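Participant: Okay, so the sequence shown: first residue is 10 according to my numbering, each after it adds one. Even glycine gets a Cβ: it sits at the ideal position worked out from N, Cα and C. Quick caveat: nothing in here was measured; it's all calculated off a predicted structure.
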Amino acid sequence: MNLPKPEVENLLIKASIESGKNRWDSKGIGLIDSVIIFSAREALSKVWTLDNKLKTILKKEEIRIMNQYIVSERKPCV
10 MNLPKPEVEN
20 LLIKASIESG
30 KNRWDSKGIG
40 LIDSVIIFSA
50 REALSKVWTL
60 DNKLKTILKK
70 EEIRIMNQYI
80 VSERKPCV
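Here is the structure:
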């Protein structure tokens, strides 16, 4: 599987500008979350998250639905 590779030049700056324009900080979205949102949008990718704050910013079509995948419980190694 090939994962999207967002352009990293000035990524923090671009994400912080986008965050400032949309006032994401007032919604509890920090810089790293802003980078995740910005990168996903630039790459036209979906975000796989359980984070409720991220879900308030992302559009429905930008969120990967968790129940599309079977997540098994990890068992400790013996």
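Less than 7 Å between the C-beta atoms of K55 and I38, yes or no?
Facilitator: no
Participant: Tell me, which residues are paired with R73 by DSSP?
Facilitator: W57
Participant: Count the other CB atoms, across all protein chains shown, that sit within 10 Å of the CB of S44; report buried if there are 16 or more and exposed otherwise.
Facilitator: It should be pointed out that residue 44 corresponds to Val in this sequence rather than to Ser. Flag for V44 reads buried.
Participant: For L21, which option in L12, I46 and L53 has the closest C-alpha, if you only look at C-alpha atoms?
Facilitator: I46
Participant: What is the DSSP secondary structure of N31, reduced to helix, strand or coil?
Facilitator: For N31, the secondary structure class from DSSP, reduced to helix, strand or coil, is helix.
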